[in-house]
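Peer 1: Just so you know, the protein sequences line up as chains A and B, in that order. If you number the first sequence the way full-length UniProt numbering does, the last residue is 345 and the count never jumps. If you number the second sequence the way full-length UniProt numbering does, the last residue is 345 and the count never jumps. Here a beta-carbon is modelled for each residue, glycine too, at the ideal position from N, C-alpha and C.
There are 2 protein chains.
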Amino acid sequence: MTDRTIAKPSAPTLEAVAAHAGVSRATVSRVVNNSPKVTDEVVAIVNAAIDELGYVPNRVARSLASRKTQAIAVIVPETASKVFDDPFFSSIVQGVALHLAGTEYTLSLLMETENSSAKTRRYLRGGNVDGALIVSHHVSDHSYTQLGATVPMVFAGRPLIPEAVASYYVDVDNVEGARMATNHLIELGHTRIATIAGRTDMPGGHDRLAGWRAAMAAAGLDDSLVAHGDFSPADGAAAMRALLERGEPIDAVFSANDQMAVGAYSAVRSAGLRIPDDISIVGFDNDRYAATASPPLTTVDQSPEQMGEAMAGILLRLIDGDETVPNATMMPLELVVRESTAPRR
Amino acid sequence: MTDRTIAKPSAPTLEAVAAHAGVSRATVSRVVNNSPKVTDEVVAIVNAAIDELGYVPNRVARSLASRKTQAIAVIVPETASKVFDDPFFSSIVQGVALHLAGTEYTLSLLMETENSSAKTRRYLRGGNVDGALIVSHHVSDHSYTQLGATVPMVFAGRPLIPEAVASYYVDVDNVEGARMATNHLIELGHTRIATIAGRTDMPGGHDRLAGWRAAMAAAGLDDSLVAHGDFSPADGAAAMRALLERGEPIDAVFSANDQMAVGAYSAVRSAGLRIPDDISIVGFDNDRYAATASPPLTTVDQSPEQMGEAMAGILLRLIDGDETVPNATMMPLELVVRESTAPRR
DNA sequence: GTGAAAGCGCTAACAC
DNA sequence: GTGTTAGCGCTTTCAC
């Protein structure tokens, strides 16, 4: 086999392969696309020609003709540093990458820059990709929804705006997760359970507070111990301090996310109290703050990586024209019990 | 004017704009591409038609005709989790994204998966992108070098294999950085300076050891205190332990990276010694381990973000056919003095 | 300055 | 099964 793969200046075209193999371009195209209706013999000849010439199909030409790009975009309307530092985002992208690895699709990562929203829209409408995944904490970014009619897309998280009802999204049942976390505390015998809630204008913040309320109500407990924060450790510390300063007894806390829970740790300690001996704490997210906290934080695991995988899977089905895809897909949530919670003394 | 912009299933084409504006397709194309040779009047008419129709050029068709994709790939032959967890990788990608934000280029992120090396090669040769950035710690991945003839590419880090001499890369002067770090220790009055070297089959490991040797030799100091590790904290601890067990006096240590330096911290303490009182330690990389270590680690900052920006800039010049781009571009290195180093007592 | 026409490299009917 | 013939939507000479 003359395997002379000399680096030619211009890549060989399908036409060159056809000539070399003595068949038509259509046949070469069929072979390249694994069409079943080609003689094994011809397939062999064509493949030999392909190898000999080192032919690689031009994806752009292919895309133009087939109207498929075999690429999807992951749009994260956040700065690059945020995207890489926030484990939620990075895990989702990881999940997407994982799912795509088993396919022929490639991934384009679009992050927000100054006013790149317009740039992103043009990108989406310019036929660069077959579909898009929108990942954001900000509800407002469901504004991309309108483009859903042009190109299939799947969102991470439930849309808050009503116009987006018809959009596709993958989410976790935050209400249920918060309920699980709170019930865990209740089962341990705690009765004075506070919550450090997040911003309620975000679906997650809103629903987690609702879940806590639901669990408290179901157990007939007082649900007045509420403080709010914006999901950062500093906010968690401040919220915990505020809770403690009320002077009312508190034997457990449910925090809307791990970062605030870890912030609460320091406030609890500054008050001379121990975790979990005096106060049990449960977080939400199971991010890296949770596992490395001391003591390790009991939390609700939402596996953003699985979420990313699910999003990619759904998008691909949408691209394939699957009409049976449900608008909402809920991911399972799991309580991870660690050492920050203990039975009431 | 019959301005019925009803949401058509298929996007308006350049042809539709031409018809709407009463000009030829060529003229519309010229307007879209800001050609100077079009009357202001005509430009206005065409732009009006574009707005009215909500026309967005199809990038794929454009790419096929112009033979430019306006996209570059960032290839990181590592698993997605590694890419996102290792600050070196994520910072480079951030830098690239930053640079690209000011251009019309988009970024495709390709991470390694099982046997995706072949997939990546096809991607590169398939005309998906105008150029590629290869970011890896593994020298072997300079194997992509051969493709450099097909599509422009820029590597992060100097190639170790000789065949790659003609490739483009951005790197830091590791020898100089190690020398700076070591000289800092020497200037503080230390004389028994050990080094925890990395793997010498990696350019960084090799050169940092060489820099330490050079500085020690220049100062006429003994350069026998050498231990090796594979860049992890555990390796750093083991290496430090080995150094200490020699029983020879040591008053300072230069570690080939921050992670090993932090590992050395624990070994030093287990031996009942204090940092920097008994032993001064300098790291390399200025990653997040360095800043959060206690005491904060004096280290050499290599700013991978700037490196990413530089790589993107160089690649774009290469794509533009700039013949004056040098093969090697060295990024400045800076010593960040923190509290892990102190004058000899 | 503007238009006509010829592709870019491939896929997709439609014949044979 | 295989070849023929049109395009996909745009850029780009080349005339005018």
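Tell me which residue opens and which closes the alpha helix (DSSP H) that E187(B) is part of.
Peer 2: Working through the second sequence from its first residue, we reach residue 187(B) at position 187. Unbroken alpha helix (DSSP H) run through E187(B): N174 to E187.
Peer 1: With the cut-off set at 9 Å, would you say N286(A) and G126(B) are in Cβ contact?
Peer 2: Start at 1 with the first residue of the first sequence, and residue 286(A) comes out as number 286. Start at 1 with the first residue of the second sequence, and residue 126(B) comes out as number 126. Not in contact: N286(A) and G126(B) (Cβ atoms no closer than 9 Å).
Peer 1: In or out: D201(A) buried (at least 16 other Cβ within 10 Å) or exposed?
Peer 2: As a first step, residue 201(A) must be located in the first sequence, where it is residue number 201. Looking at its Cβ environment, which holds fewer than 16 other Cβ atoms inside 10 Å, D201(A) is exposed.
Peer 1: Per DSSP, what kind of secondary structure is T145(B) in: helix, strand or coil?
Peer 2: Indexing the second sequence from 1 puts residue 145(B) at position 145. It is helical.
Peer 1: Quick one: what does DSSP say T292(A) is sitting in, helix, strand or coil?
Peer 2: Taking the first residue of the first sequence as position 1, residue 292(A) is located at position 292. T292(A): helix per DSSP, three-state reduction.
Peer 1: For P332(A), which option in T195(A), P304(A) and A166(A) has the closest C-alpha, if you only look at C-alpha atoms?
Peer 2: Position 332 of the first sequence, counted from the first residue, corresponds to residue 332(A). For the residues T195(A), P304(A) and A166(A), the minimum Cα distance to P332(A) belongs to P304(A).
Peer 1: Going along chain A, which residues have a C-beta under 7 Å from T69(B)?
Peer 2: Mapped onto the second sequence, residue 69(B) falls at position 69. Under the 7 Å cutoff, chain A gives V60.
Peer 1: Pick out whichever of H206(B), Y168(B), A194(B) and L335(B) has its Cα sitting closest to the Cα of V175(B).
Peer 2: Your numbering for residue 175(B) matches position 175 in the second sequence. Ranking H206(B), Y168(B), A194(B) and L335(B) by Cα distance to V175(B) puts H206(B) first.
Peer 1: Which residues of chain B have a Cβ atom closer than 9 Å to the Cβ of S90(A), listed in chain order?
Peer 2: Within the first sequence, the letter at position 90 stands for residue 90(A). Chain B residues near S90(A): A80, S81, V83, F84, D85 and S90.
Peer 1: Go ahead and pull the three-state DSSP assignment for M202(A).
Peer 2: Looking up residue 202(A) in the first sequence gives position 202. Coil, per DSSP.
Peer 1: Taking 9 Å as the CB-CB limit, is N128(B) close to chain A?
Peer 2: Along the second sequence, read from residue 1 onward, the residue named residue 128(B) stands at position 128. Closer than 9 Å to some Cβ of chain A, the Cβ of N128(B) qualifies, so yes.
Peer 1: Can a CB atom of chain A be found closer than 9 Å to the CB of M111(B)?
Peer 2: The residue labelled residue 111(B) in the question sits at position 111 within the second sequence. Yes, its Cβ sits closer than 9 Å to a Cβ of chain A.
Peer 1: Note down, in chain order, every chain A residue with its Cβ under 7 Å from the Cβ of V56(B).
Peer 2: In the second sequence, counting from the first residue as 1, residue 56(B) sits at position 56. Here the neighbours are R122, R125 and G126.
Peer 1: Express the C-alpha separation of I193(B) and A101(A) in angstroms, rounding to a whole number.
Peer 2: Here residue 101(A) is taken as the residue at index 101 of the first sequence, counted from 1. Here residue 193(B) is taken as the residue at index 193 of the second sequence, counted from 1. Taking the straight line joining both Cα atoms gives about 47 Å.
Peer 1: Using a beta-carbon distance cut-off of less than 9 Å, what residues from the segment 93-110 of chain B approach chain A?
Peer 2: Correct list: V93, Q94, G95, V96, A97, L98, L100, A101, G102, E104, T106, L107, S108, L109 and L110.
Peer 1: To the nearest angstrom, report how far apart L53(B) and I314(B) are at their CA atoms.
Peer 2: As a first step, residue 53(B) is located in the second sequence; it is residue number 53 there, counting from the start. As a first step, residue 314(B) is located in the second sequence; it is residue number 314 there, counting from the start. One C-alpha to the other measures close to 38 Å.
Peer 1: Hey, how far is the Cα of T106(A) from the Cα of A342(B)?
Peer 2: Position 106 of the first sequence, counting from 1, holds the residue named residue 106(A). Position 342 of the second sequence, counting from 1, holds the residue named residue 342(B). If I take the Cα positions, the gap works out to 51 Å.
Peer 1: Is it the case that the segment 312-329 of chain B contacts the segment 259-278 of chain B, given that we only count it when at least three CB pairs across the two stretches are under 8 Å?
Peer 2: Touching, no.
Peer 1: Looking at the C-beta of S63(A), does it have a partner C-beta in chain B at a distance below 9 Å?
Peer 2: Walking along the first sequence from the start, residue 63(A) turns up at place 63. By this cut-off, S63(A) is an interface position.
Peer 1: Counting only Cβ-Cβ distances shorter than 9 Å, please list the residues of the segment 10-27 of chain A near chain B, keeping chain order.
Peer 2: Within the segment 10-27 of chain A, the residues whose Cβ lies closer than 9 Å to some Cβ of chain B are A11, listed in chain order.
Peer 1: Going by C-alpha to C-alpha distance, which of M153(B), R122(B), A11(B) and V337(B) sits closest to E187(B)?
Peer 2: Reading the second sequence from its first residue, position 187 is the one you call residue 187(B). Per the Cα distances, V337(B).
Peer 1: If you measure from the beta carbon of T191(B) to each beta carbon in chain A, is any gap under 9 Å?
Peer 2: Working through the second sequence from its first residue, we reach residue 191(B) at position 191. Not an interface residue.
Peer 1: Using three-state DSSP, classify Y123(A) as helix, strand or coil.
Peer 2: Position 123 of the first sequence, counted from the first residue, corresponds to residue 123(A). Note: Y123(A) maps to helix in three-state DSSP.
Peer 1: Would you identify the three-state DSSP class for L221(B), choosing helix, strand or coil?
Peer 2: Taking the second sequence and counting its residues from 1, one reaches residue 221(B) at position 221. Correct three-state label for L221(B): coil.
Peer 1: Just how far apart, CA to CA, sit S66(A) and D85(B)?
Peer 2: For the purposes of this step, residue 66(A) is identified with residue 66 of the first sequence, where counting begins at 1. For the purposes of this step, residue 85(B) is identified with residue 85 of the second sequence, where counting begins at 1. Those two C-alpha atoms are separated by around 37 Å.
Peer 1: Is Q146(A) buried or exposed, if buried means 16 or more other CB atoms sit within 10 Å of its CB?
Peer 2: As a working note, residue 146(A) is residue 146 in the first sequence. Label assigned to Q146(A): exposed.
Peer 1: Can you look up Y169(B) in the DSSP assignment and give me helix, strand or coil?
Peer 2: Taking the first residue of the second sequence as 1, we reach residue 169(B) at position 169. Y169(B): strand per DSSP, three-state reduction.
Peer 1: Taking the alpha-carbon positions, what's the A71(A) to S63(B) distance?
Peer 2: Taking the first sequence and counting its residues from 1, one reaches residue 71(A) at position 71. Taking the second sequence and counting its residues from 1, one reaches residue 63(B) at position 63. So the two alpha carbons sit approximately 15 Å from each other.
Peer 1: I'd like the ranges of any beta strand (DSSP E) spanning at least 3 consecutive residues and lying wholly in the segment 62-136 of chain A.
Peer 2: Runs found: 71-76, 106-111 and 131-135.
Peer 1: Using the rule of at least 16 other Cβ atoms within 10 Å of the residue's Cβ for burial, across every protein chain shown, is D179(A) buried or exposed?
Peer 2: One-based indexing of the first sequence puts residue 179(A) at position 179. According to the sequence as given, residue 179(A) is Arg; it is not Asp. With 16 or more Cβ atoms within 10 Å of its Cβ, R179(A) is classed as buried.
Peer 1: Would T145(B) pass as an interface residue toward chain A - the criterion being a Cβ-Cβ separation below 9 Å?
Peer 2: Position 145 of the second sequence, counted from the first residue, corresponds to residue 145(B). Not closer than 9 Å to any Cβ of chain A, the Cβ of T145(B) fails to qualify, so no.
Peer 1: Which residue's Cα is closest to the Cα of G148(A): A132(A), S136(A) and G157(A)?
Peer 2: What you label residue 148(A) is simply residue 148 of the first sequence in a count that begins at 1. Of the candidates A132(A), S136(A) and G157(A), the one whose C-alpha sits nearest the C-alpha of G148(A) is A132(A).
Peer 1: Just to confirm my understanding: we take A264(A), look at its own chain, exclude 5 residues before and 5 after, and list those with CB closer than 8 Å. What are they?
Peer 2: Numbered from 1 along the first sequence, position 264 holds the residue referred to as residue 264(A). Excluding positions up to five away in sequence, the list reads I196, G236, A237, A239, M240, V253, S255 and I281.
Peer 1: Between the alpha carbons of E41(A) and V32(A), how many angstroms are there, rounded?
Peer 2: To locate residue 41(A), count along the first sequence from 1; it is residue 41. To locate residue 32(A), count along the first sequence from 1; it is residue 32. Taking the straight line joining both Cα atoms gives about 14 Å.
Peer 1: Using CA coordinates, which residue listed in S108(A), F88(A) and Y144(A) is at the minimum distance from A118(A)?
Peer 2: Taking the first residue of the first sequence as position 1, residue 118(A) is located at position 118. The shortest C-alpha separation from A118(A) is found at Y144(A).
Peer 1: Along the chain, where does the beta strand (DSSP E) that runs through I250(A) open and close?
Peer 2: What you label residue 250(A) is simply residue 250 of the first sequence in a count that begins at 1. Note, I250(A): premise wrong, no beta strand (DSSP E); not H, not E.
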